[in-house]
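Residue numbers (my numbering): 31 to 407. See structure below.
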Ligand code: GLY
């Protein structure tokens, strides 16, 4: 699938990642990182203390499990296990939990269970899966995303949470989890993905009837715009729903959004702007959208015919190489692997900084190229 030059490049990058993540893991101990401090360039906060229910609290552990799987180094396994223990506090808080229990426990407990067979981890994964299934709306046939007064809100990011339900279905042989996940994926596919291959961030449904009421702009520029990370959630999320169900519509949806994404990202040197339908100025980059899309493209490439594959592989490699060349952080004194991720279009505080999820998808994509990854989703 990959030419020799790409393999050699990925091997060199993997060596640098292993070196850098070893340093970071030694410095962090059991702390859960998110964004390095602006002044020191180091992870100073511990998200397990600051915000135990934060949706990103699994990514570091996911990186550690991917690295343990690729290298067998005990440091990585121990770091991941310590993070998983500390996430138990989030279960105790409960009322702060949301649909992102998928992101949180797929990367911690479920990854642990997949690699070690730990029964304690299986129980934690199932606990999280039941919380996610408990958010299912049987009239609207969707899983509500957020809390407070947003009973009918569904966000495209949810497509990366429902793999927790596909896992639970297999883990205990109960198809209910699969029914919930497929109903949700169908609702998103038919209401949030647009006919032209672009995607809204949010769909607001009537929680009593399931009727689509509006599609606010969310973390993108505005309603009707095209938040790049949201597009990448759709690409990878629908590819994953295809992997778990075999439903061709999901693969076709992933491909449709992928084609739109490739057309857009090729205009800006293969590094995505935050929103593909925003004003020309200011130019704001979000590397994380490219990293997640690259993982989606590499997954899609595994399921299409010989003459289609190269489109997805080339797009993934173009994005990864362009991003690594411009935005990788190979300085040992600084934390983070990939700079210039952006939380959302209108939120100034997390603009063009290293964010843990950009690192996770970068790592997963590099390991995919080297055939050293395992499916965490
Ligand atoms: N899931 C929230 C985000 O993508 O920022």
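C-beta: ideal position from N, C-alpha, C; glycine also. For clarity, every value in this text was computed on a predicted model and none was experimentally measured.
By the Cβ neighbour-count rule, residue 202 is exposed, with fewer than 16 other Cβ atoms within 10 Å of its own. Under DSSP, residue 244 forms a beta bridge with 234.
Proximity of the segment 323-340 to the segment 267-284 meets the contact definition, three or more beta-carbon pairs being nearer than 8 Å. Here the distance from the Cβ of residue 263 to the nearest heavy atom of the ligand GLY is below 8 Å. Between residue 162 and residue 140, the C-beta spacing is not below 9 Å. Proximity of the beta carbon of residue 374 to the ligand GLY is indicated: a heavy atom of the ligand is located closer than 8 Å.
Residue 183: member of the beta strand (DSSP E) spanning 183-185, first to last residue. DSSP places residue 122 within a helical segment (H, G or I) once states are collapsed to three.
Contact between residue 233 and residue 305 is ruled out by a C-beta separation of about 17 Å, above the 8 Å threshold. Close CB contacts of residue 71 within its chain, under the 6 Å cut and outside five residues either way in sequence, are with 364 (chain order).
Excluding five sequence positions before and after residue 390, the CB atoms of its chain that fall closer than 7 Å to its own CB belong to 89, 92, 93, given in chain order. The criterion of a C-beta distance shorter than 9 Å is not satisfied by residue 35 and residue 400.
Using a cutoff of 8 Å, the CB of residue 185 counts as near the ligand GLY, since one of the ligand's heavy atoms is closer than that. Straight through space, the alpha carbons of residue 225 and residue 169 are spaced by roughly 25 Å. In this structure, residue 362 has its beta carbon at no less than 8 Å from each heavy atom of the ligand GLY. Pairing residue 176 with residue 129 gives a Cβ-Cβ distance under 9 Å. In the displayed model, residue 167 falls within a strand according to three-state DSSP. By the Cβ test, the segment 42-53 is in contact with the segment 358-372, since at least three Cβ pairs between them sit closer than 8 Å.
The shortest CA-to-CA distance from residue 327 to any of 316, 339, 317, 318 is the one to 339. The Cβ atoms of residue 264 and residue 283 lie closer than 9 Å to each other. Contact check for residue 248 against residue 215 fails: the beta carbons are separated by 9 Å or more. The three-state reading of DSSP puts residue 305 in strand, counting E and B together.
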